[in-house]
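Down below is the structure, laid out as structure tokens.
Residue numbers (the working numbering): 37 to 978.
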């Protein structure tokens with residue numbers, strides 16, 4: 037086993053231990069409110085988890101983990117066999133939770149320090165041993181007779197298979213390393229023998245063969261000797277190898293392992309045995325009891341083979357699946373166009389066939405007229421004229437040699453007849469080709485349908501590789517909430533809804549801290565003390581609910597409590613007190629804008645500082661962490677009723693159904709799961725309440741707005757101005773449902789349903805309000821996807837028609853409200869992107885196109901708290917501007933951050949020597965930039 041294989045096993049062991057430890061913690065917490073049967077099942081589950089950790093730790097040589105898990109396993113045995121689970125004490129659960137925490141610490145330190153016993157590990161091992169001693173003292177020692185380790189091992193057939201086919205390869209490698217060891221390569225030999233030891237020890241732990249493990253332990257003791265020499269290694273190593281062969285032979289013969297005393301043996305001849313032809317030493321028989329029958333022994337569970345795949349490769353695979361779906365949609369569009377063209381060709385063939393038939397009929401009519409003319413009929417002149425225009429073809433049938441035949445006795449052909457025949461033949465040939473095209477189109481359609489099914493299966497399988505249950509992000513919260521309840525004398529229940537909702541595994545780390553902060557915030561700020569809740573008519577026990585669900589191509593996570601809610605007036609006063617706005621400006625802030633201050637760094641509504649709150653870092657961490665994964669959070673609160681924090685996270689790859697609509701010359705995709713109902717209403721059904729259009733729907737009035745009034749962008753089209761949907765005789769209306777409520781939206785035209793691939797906007801572009809992302813249609817056009825929650829929740833929805841038709845005016849920030857940042861870059865696009873990013877973060881922005889422009893603005897009195905400067909610019913580059921700023925006393929204290937595509941150490945070093953405070957490279961991380969800006973601005977204040 038090489039180092040990569042060993043590291044892979046250790047990674048798998050770490051992940052498996054995390055799951056087992058979380059399972060034990062979850063079961064312990066659930067036992068407090070469970071019935072007797074559920075408690076008994078939980079104890080069995082925890083016993084199995086501890087037993088699995090013990091076996092896995094022993095297999096990989098983590099003896100401290102194995103010992104600690106074994107001790108905890110004994111505690112669960114006592115809990116199972118010698119306690120009354122119907123009268124379980126909370127202190128028992130708390131003590132066992134401490135034991136699980138200790139085992140978790142031992143596991144982490146063992147992996148980090150390669151099972152070297154550290155003082156912390158010793159302390160944790162003693163803590164678990166103390167718990168076991170307390171359990172024995174309280175519930176009595178076990179009276180069970182010791183069971184032979186051999187009787188706990190795997191079934192004889194399983195052992196025979198393993199030791200007959202797999203173990204010889206390990207022995208061969210051991211003997212080869214011992215034979216080929218030399219003074220010069222002694223260190224390499226020790227490393228190789230250490231790997232052999234890990235495999236032998238793991239095998240003994242997995243098969244529950246402690247005697248075999250003791251023989252392998254002698255190998256570890258040998259190679260760990262500080263005074264190890266080549267002679268000693270080979271002498272004692274061959275003795276160990278001989279004993280391993282004896283143990284193997286005893287197992288193959290069905291006898292218990294007899295552990296002989298290890299004694300040095302002579303070094304074998306110089307010629308080593310070949311790995312593929314081992315010659316074990318002579319085995320001396322040793323009487324021992326037989327191994328029990330397989331019917332009384334547990335059989336190890338078969339393990340499914342697994343591999344590790346780099347996360348970036350999985351991401352590439354997911355993106356390729358998305359491209360496959362887009363190209364499949366393109367094929368479907370082409371298949372539809374092909375079927376349409378085949379139908380059009382068939383119609384043209386029918387017309388062509390009719391034309392050929394008319395030509396044939398006309399010729400026959402003229403021929404009959406000739407015959408009648410030969411009998412004195414006036415039609416002879418017409419035939420003669422026809423033959424003048426289309427001469428008779430000189431062939432066997434119409435040549436002068438057959439002039440004595442009558443026209444009824446011998447057909448005559450002209451070029452007219454040949455032309456008509458060619459037209460008919462061509463029509464028949466085209467008809468035959470059209471039939472083949474029709475057949476090919478049908479095969480194309482069947483292939484497309486099959487591709488659709490295969491693509492759907494592939495998408496489903498690939499997504500399963502990247503997603504995990506939401507429970508992985510919240511299973512640790514019940515324990516944390518329990519500890520807070522015990523510490524602060526509150527009664528709070530935690531309700532987890534949607535634990536099986538699938539989320540991208542890469543989002544777990546970004547979610548854990550925000551969820552912890554939101555739960556702590558709800559516990560401290562939201563849930564009242566029991567006596568206060570009773571006085572207000574609420575139950576003494578509060579409730580925090582965490583719900584996860586998918587909607588419209590994103591994951592929605594809601595953290596809600598039934599506590600006191602948020603007082604917006606208190607936030608308004610805090611904003612004025614902290615100098616973030618004037619009294620007049622604060623009065624103009626909407627509820628949404630006031631709630632947004634809760635996420636500002638250092639902003640807190642609590643007067644004092646406690647262990648839970650008052651430092652102003654909780655909700656700031658929430659927003660910062662979510663920005664790293666392009667997520668968002670917003671607040672909804674009702675005073676005295678409770679507060680909800682709504683987190684939105686983009687899915688890694690979302691393929692969903694959407695309703696395509698047209699509004700203001702643009703195609704828009706509306707996620708179908710957000711459409712409650714599609715209506716076609718008359719203009720007379722629109723009611724007006726003041727200036728707000730209303731629609732009577734399902735026994736209530738809901739607001740009715742135009743879709744183009746909700747969107748903050750427009751694309752000028754070549755057509756005439758788009759008609760107002762509300763002025764049409766028949767108005768297409770979508771009733772949209774979201775966490776914010778219901779909203780009726782009028783559109784210009786409904787196009788139809790379509791499966792789409794949701795593509796979030798890539799960095800450094802940020803998500804616009806009301807736009808979830810984009811999708812690519814089969815014809816290559818890019819279409820925006822609506823974020824229904826944003827549309828329904830934005831302030832403009834609650835305003836009148838006149839107000840909705842305009843844009844919501846923002847209050848210009850004053851100098852005391854937010855810092856001003858100077859952005860210097862010769863690229864207009866970069867300046868605009870940076871400006872949008874900084875404006876959304878409530879900074880004021882001034883742009884300069886190069887160093888000269890920036891220096892002029894500073895000399896004209898521009899007051900800025902930070903300058904973000906590119907290096908390569910015309911007229912004056914970033915280095916020259918930085919040198920000018922540092923050499924001018926008025927500007928010397930302005931922090932300067934360089935933002936450039938030059939990532940070389942030479943450019944970075946020069947910038948720092950000239951006095952730059954920070955150095956960023958393009959493409960930049962929006963989250964890192966926003967995280968660094970407050971620190972840079974703070975430097976200017978100091």
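Glycine included, every Cβ here is placed at the ideal spot set by N, Cα and C.
For the beta strand (DSSP E) that residue 742 lies in, which residues bound it at each end? Unbroken beta strand (DSSP E) run through residue 742: 736-742.
Relative to the C-alpha of residue 674, which residue among 658, 627, 655 is closest? Measuring from the Cα of residue 674, the nearest candidate turns out to be 627.
DSSP three-state assignment for residue 986, whether helix, strand or coil: Here the chain covers residues 37 to 978 and nothing more, so residue 986 does not appear.
Going straight from the alpha carbon of residue 46 to that of residue 230, what length do you get? Computed Cα separation, rounded: 15 Å.
Within the segment 547-572, note down every full beta strand (DSSP E) run reaching 3 residues or more, in order along the chain. Segments of the beta strand (DSSP E) lying fully in the segment 547-572: there are none.
Can you give me the C-alpha to C-alpha distance between residue 984 and residue 927, rounded to a whole angstrom? The requested residue 984 does not occur in the structure, where the chain is confined to residues 37 to 978.
Could you spell out the range, first to last residue, of the alpha helix (DSSP H) harbouring residue 274? First-last of the alpha helix (DSSP H) with residue 274: 266-288.
I think residue 633 touches residue 656, with their Cβ atoms under 8 Å apart; what is that distance to the nearest whole Å? Under the criterion of beta carbons closer than 8 Å, residue 633 and residue 656 do not qualify as touching, at roughly 11 Å.
Going by the DSSP bridge assignment, what does residue 580 pair with across the sheet? Paired residue(s): 530, 597.
Just to confirm, are residue 510 and residue 538 a CB contact at a threshold of 8 Å? Taking C-beta atoms as the reference points, residue 510 and residue 538 fail to come closer than 8 Å.
If you pair each beta-carbon of the segment 510-526 with each one of the segment 370-386, do three or more pairs fall below 8 Å? With fewer than three CB-CB distances shorter than 8 Å, the segment 510-526 does not count as touching the segment 370-386.
Cα separation between residue 779 and residue 554? Roughly 29 Å between the two C-alpha positions.
Give the range of the alpha helix (DSSP H) segment to which residue 1056 is assigned. Since the first residue of the chain shown is 37 and the last is 978, residue 1056 is not available in this structure.
Secondary structure of residue 879, DSSP reduced to three states: Correct three-state label for residue 879: coil.
Span separating the alpha-carbon of residue 171 from that of residue 118: So the two alpha carbons sit approximately 10 Å from each other.
Under 8 Å: do the segment 209-222 and the segment 74-89 share three or more Cβ pairs, one atom per stretch? Counting Cβ pairs under 8 Å, fewer than three are found: no touch.
What distance in whole Å lies between the Cβ atoms of residue 93 and residue 101, which are believed to be in contact at a cut-off of 8 Å? Correct: roughly 3 Å between the Cβ atoms.
Could you check whether the segment 703-719 touches the segment 761-770, counting it as contact only if at least three pairs of C-beta atoms, one from each stretch, sit closer than 8 Å? Cβ pair count under 8 Å is three or more, so yes.
Run the CB neighbour count on residue 148, radius 10 Å, all protein chains shown included, and call it buried at 16 or more, exposed below. So residue 148 ends up on the exposed side.
Given a threshold of 16 other Cβ atoms within 10 Å of its Cβ, counted over all protein chains shown, does residue 364 qualify as buried or as exposed? Buried: at least 16 other Cβ atoms inside 10 Å.
Taking contact to mean at least 3 C-beta pairs separated by less than 8 Å, is the segment 206-218 in contact with the segment 267-274? Look at the beta carbons and you see the segment 206-218 touching the segment 267-274: at least three pairs across the two are nearer than 8 Å.
What would DSSP say about residue 514, mapped onto helix, strand or coil? Annotated three-state conformation of residue 514 is helix, per DSSP.
Who pairs with residue 636 in a beta bridge, going by DSSP? None; residue 636 has no bridge partner.
Beta strand (DSSP E) segment containing residue 957, residue limits: Taken as a continuous stretch (DSSP letters only), the beta strand (DSSP E) holding residue 957 covers 954-957.
Give the secondary structure of residue 574 by DSSP, where H, G and I count as helix, E and B as strand, and everything else as coil. DSSP, read as helix, strand or coil, puts residue 574 in coil.
Can you tell me whether DSSP reads residue 859 as helix, strand or coil? When secondary structure is reduced to three states using DSSP, residue 859 falls in the strand class.
Is the segment 885-899 touching the segment 945-962 in the sense that three or more CB pairs, one from each, lie closer than 8 Å? No: fewer than three Cβ pairs fall under 8 Å.
Starting from the C-beta of residue 288, find all residues in its chain whose C-beta is less than 7 Å away, skip the five residues before and the five after it, and write them out in chain order. Excluding its 5 nearest sequence neighbours in each direction, residue 288 has C-beta neighbours in its own chain below 7 Å: 196, 199, 200, listed in chain order.
For residue 245, the first and last residue of its enclosing alpha helix (DSSP H): No alpha helix (DSSP H) contains residue 245, which DSSP labels as neither H nor E.
Limits of the unbroken beta strand (DSSP E) element including residue 105: Not the beta strand (DSSP E): residue 105 falls in the alpha helix (DSSP H), residues 99-117.
Assigned exposure category for residue 723 - 16 Cβ within 10 Å defines buried: Exposed is the label assigned to residue 723, since fewer than 16 other Cβ atoms lie within 10 Å of its Cβ.
Do residue 602 and residue 533 have their beta-carbon atoms positioned less than 8 Å apart in this structure? It is not a contact, given that the beta carbons lie outside the stated cut-off.
By a C-beta neighbour count over all protein chains shown, 10 Å radius and 16 as the cutoff for buried, is residue 356 buried or exposed? So residue 356 ends up on the exposed side.
Validate contact between the segment 693-702 and the segment 778-792 using beta carbons, cut 8 Å, 3 pairs: Yes, since at least three Cβ pairs between the segment 693-702 and the segment 778-792 fall closer than 8 Å, the two stretches touch.
Start and end of the beta strand (DSSP E) containing residue 707? Following the DSSP letters along the chain, one finds residue 707 inside the beta strand (DSSP E) bounded by residues 702-707.
From 691, 551, 494, pick the residue whose C-alpha is nearest to that of residue 590; which is it? For the residues 691, 551, 494, the minimum Cα distance to residue 590 belongs to 691.
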